[in-house]
Structure formats: C-alpha cells, structure tokens
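Participant:
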Amino acid sequence: MKINLFCTANVGKPPGKIKWWRFSDQIYAPFLVAESSEIPVVQPGVCAYNVTFSIQPLVTKDDDQSVWRCSVDNKLLTSLHDQDKPNQETARINVFCTHSIHLLWKIPKAFLFLVDRQISLKKIYSGGHNGTVHTSASIKTTVGSSVDLTCQYTLGPDDSVYSGFIAWQAKISGSREYENIATFSPIGGGKNLFTTSASAMNLKDRSELLDITSTGPNTFRVVLRVKAVQHLDEKEYRCSVNFISPTTGPRTETAVTSLIVQGKNH
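Take any residue in the sequence shown, note its place counting from 1, add 1, and you have its number in the numbering used here.
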C-alpha cells in the first residue's frame with residue numbers, strides 16, 4: 002500500500018532542497034528516501050521561498066512504527082548533518098497485517114506544512130472515496146484578454162480536503178511533467194498562494210486567485226483568473242485535488258484543459 006507524504010517548507014535564499022528521511026527502530030542510521038528537484042526563481046527583495054515536495058512510498062510490514070522526517074537542506078546550514086537541519090517528523094506509522102499478509106493501514110499525522118520551523122495542518126472540510134475533479138477540455142481566448150481557468154471538484158461522503166492540496170498546475174515545456182502555479186484553500190481555510198515555480202512567476206503579476214466558492218452540495222469551484230493573456234500562456238493546465246478518505250487513504254484526482262490563444266503573430 003502506498004501512502005502520500007507532503008511537506009511544504011521555506012527553503013531560504015539561495016534556495017535549498019527538501020529531503021525526506023525514513024527512521025526505523027531496526028536501522029540505526031536514517032535512510033534518505035528522496036530530495037526535491039524544484040528550484041524557485043529568485044526574485045529581488047524576496048527571502049522566503051516555499052516549496053512543496055510529496056512522495057508516495059510503498060509501505061510494507063517492515064515500515065511498522067517507522068517515522069518519516071522532512072528536512073530543509075540549504076548550503077548556508079553547514080554545521081548540522083542533513084537530517085538534523087530544520088525539520089519536522091510524522092507520527093509513528095502503524096501498519097496492520099492480516100493472516101494472509103494483506104496490508105491494512107491508518108493515516109498518521111503525516112501531512113506536514115514546515116514553514117519557518119512551524120507545523121500547521123488544519124482540517125477544513127469533511128464530506129467517500131468517490132471525489133471527482135472536472136474542467137473543460139479546452140478554452141479559447143485572445144491575446145490581451147482576460148480568461149478564467151476554472152475547475153470543479155466534488156467531495157464524496159467520506160472525503161476531506163486540506164489547505165494547500167488544491168492546485169492549478171502548468172505543463173512544463175518539453176516535458177510530461179506539471180508544476181504548481183498556485184495552491185488554494187477550501188472555504189474558510191486561509192489564503193490562496195502562488196508558488197515560486199517559473200510558471201507562477203510568469204503569471205503572478207497579471208493573475209488573480211479567486212476564493213473557492215460552493216456551486217452545490219459538496220461541490221466547489223476553483224478559479225485562476227489570467228487578466229492579460231500572452232502568447233506564451235498557450236499550454237496545458239491541470240487542476241489537482243488531493244482527497245483524504247479514512248477508508249481508502251489519500252489519492253489525487255486531476256483534470257486537464259488546454260488554453261488556446263488566438264490572434265498570435267505568424
């Protein structure tokens with residue numbers, strides 16, 4: 002069974018990396034699981050750069066009672082071992098096994114927001130296991146106009162959604178990967194925030210993050226408004242929502258739309 006571990010951290014300036022470590026009673030030294038590859042675009046006068054890094058480790062019976070640590074590795078922090086730099090840990094993970102060794106599990110406090118060494122996770126809305134995300138297949142617009150990138154997500158009866166785990170993303174040019182433009186908070190959940198990715202820096206000064214609104218029972222609208230469309234905005238965008246269910250665990254649902262910009266120079 003895979004679990005989702007999320008960590009958001011201020012990686013400092015010059016920007017550092019987020020690292021995930023696994024600690025186990027059976028192993029003396031911590032094991033480095035993964036490190037982030039996102040490098041924020043440095044802006045004049047800006048010292049705080051928040052990066053979100055998630056991993057989906059495969060949990061086995063050997064992971065019972067293990068602890069997972071998220072740390073920030075910045076080259077200015079030279080006096081500490083990597084695993085001991087500013088960090089936060091999950092609670093111990095409990096892995097339950099049936100006689101046939103089919104894995105069952107429960108979610109520990111494993112969803113971290115590490116910013117300036119503070120942890121702040123807030124459960125905003127509890128609504129199953131059948132949450133969905135929808136958006137239009139494509140959007141046509143013209144250079145200089147305003148356009149709304151809009152998606153809609155619906156919670157199942159057992160689903161929960163947390164601040165920061167609703168995002169609009171942009172496809173990276175020449176790649177199959179997407180990067181976060183901005184993260185959103187459910188109704189009453191706090192602020193919507195632009196990330197420090199290249200796509201976010203391109204859109205930040207001419208875009209607006211609208212507050213999430215309800216459009217029906219357990220259904221909500223997420224809008225990224227681009228106020229002045231440019232040629233380079235023509236690409237694929239993805240709306241991503243991470244649902245948490247006590248019966249099925251965490252899962253991410255996405256929906257993709259293509260922005261078509263007309264009136265381009267040829």
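No residue lacks a Cβ here, since even glycine has one placed at the ideal position from N, Cα and C.
(1) Please classify Phe32 as buried or exposed, where buried requires at least 16 neighbouring CB atoms within 10 angstroms.
(2) Count the CB pairs spanning the region 41-55 and the region 193-208 that are closer than 8 Å, and state whether there are at least three.
(3) My guess is that Thr136 and Val230 are in contact by the Cβ rule of under 8 Å, so how many angstroms apart are they, rounded?
(4) Tell me whether Glu235 counts as near the ligand MN, meaning its Cβ is closer than 6 Å to at least one heavy atom of that ligand.
(5) Considering just the uninterrupted stretch of the alpha helix (DSSP H) at Ser161, what are its terminal residues?
(6) Using the three-state DSSP reduction, which class does Asp212 fall into: helix, strand or coil?
(7) What span of residues does the beta strand (DSSP E) with Leu150 cover, start to end?
(8) How long is the line joining the alpha carbons of Gly284 and Val73, rounded to whole angstroms?
(9) At which residues does the beta strand (DSSP E) containing Leu225 begin and terminate?
(10) What are the boundary residues of the alpha helix (DSSP H) that includes Ala201?
(11) Measuring CB atoms only, is the region 54-72 touching the region 214-227, in the sense that at least three cross pairs come out at less than 8 Å?
(12) Grouping DSSP H, G and I as helix and E and B as strand, with all else coil, what is Arg207?
(13) For Ile167 versus Val52, is the C-beta spacing smaller than 7 Å?
(14) Here's a check: name, in chain order, each residue in its chain whose Cβ is nearer than 7 Å to the Cβ of Ile134, leaving out the five neighbours to either side.
(15) Just the Cα atoms here: how many angstroms apart are Thr9 and Phe54?
(16) Please go through the same chain and pick out, in chain order, the residues whose beta-carbon is closer than 6 Å to the beta-carbon of Lys3, but skip the five residues on each side of it.
(17) My guess is that Trp169 and Val227 are in contact by the Cβ rule of under 8 Å, so how many angstroms apart are they, rounded?
(18) Cβ of Leu150 within 7 Å of Cβ of Tyr238?
(19) Beta carbon of Arg93, beta carbon of Trp22: below 7 Å?
(20) Use the C-beta contact count for Ser37: other C-beta atoms within 10 angstroms, 16 or more gives buried, fewer gives exposed.
(21) Can you have a look at Gly264 and say buried or exposed, based on whether 16 or more other CB atoms are within 10 angstroms of its CB?
(22) Kindly indicate if chain D contains any beta-carbon less than 7 Å away from that of Asn243.
(23) Along the chain, where does the beta strand (DSSP E) that runs through Thr290 open and close?
(24) Where does Lys18 fall in DSSP's three states?
(25) Taking the C-alpha atoms as reference points, what is the distance between Ser208 and Ser186?
(26) Would you mind sorting Asp160 into buried or exposed? The rule is 16 or more other CB atoms within 10 Å of its CB.
(27) Is Gly145 closer than 7 Å to Phe244 when the C-beta atoms are compared?
(28) Could you tell me how far apart the beta carbons of Phe24 and Ser67 are, in whole angstroms, since I believe they sit closer than 8 Å?
Facilitator: So, from the data block:
(1) Flag for Phe32 reads exposed.
(2) Result yes; three or more Cβ-Cβ pairs closer than 8 Å.
(3) Between Thr136 and Val230 the beta-carbon gap is near 17 Å, outside 8 Å, which marks them as no contact.
(4) The ligand content of the structure shown is nil, which means the ligand MN is not present either.
(5) Element bounds for Ser161: not the alpha helix (DSSP H) but the beta strand (DSSP E), 161-163.
(6) Coil.
(7) Leu150 -> beta strand (DSSP E) spans 148-155.
(8) Because the chain here runs from 2 to 267, residue 284 falls outside it and cannot be looked at.
(9) Counting along the chain, the beta strand (DSSP E) containing Leu225 begins and ends at 220-227.
(10) That run of the alpha helix (DSSP H) goes 199-204.
(11) No, they do not touch.
(12) Helix at Arg207.
(13) For the pair Ile167 and Val52, the CB atoms are not nearer than the 7 Å cut-off.
(14) Before going on, a small fix: residue 134 reads as Val here, not Ile. Taken in chain order, the residues that qualify are Cys152, Tyr154, Cys240, Val242, Glu254, Thr255, Ala256.
(15) About 6 Å.
(16) If we look at Lys3 and ignore the five residues flanking it on each side, its Cβ neighbours are Gln57, Leu59.
(17) Trp169 to Val227, Cβ: 10 Å. No contact.
(18) For Leu150 and Tyr238, yes; Cβs fall inside 7 Å.
(19) Not closer than 7 Å, so no.
(20) The residue is buried, with at least 16 neighbouring Cβ atoms inside 10 Å.
(21) Its Cβ having fewer than 16 others within 10 Å, Gly264 is exposed.
(22) This model lacks chain D altogether; it includes just one protein chain.
(23) Given that the chain is displayed from residue 2 to residue 267, the structure contains no residue 290 and the question cannot be resolved.
(24) Three-state DSSP puts Lys18 in a strand.
(25) One C-alpha to the other measures close to 17 Å.
(26) It counts as buried.
(27) For the 7 Å CB-CB criterion, Phe244 and Gly145 do not form a contact.
(28) Rounded, the Cβ-Cβ distance is 6 Å, consistent with contact.
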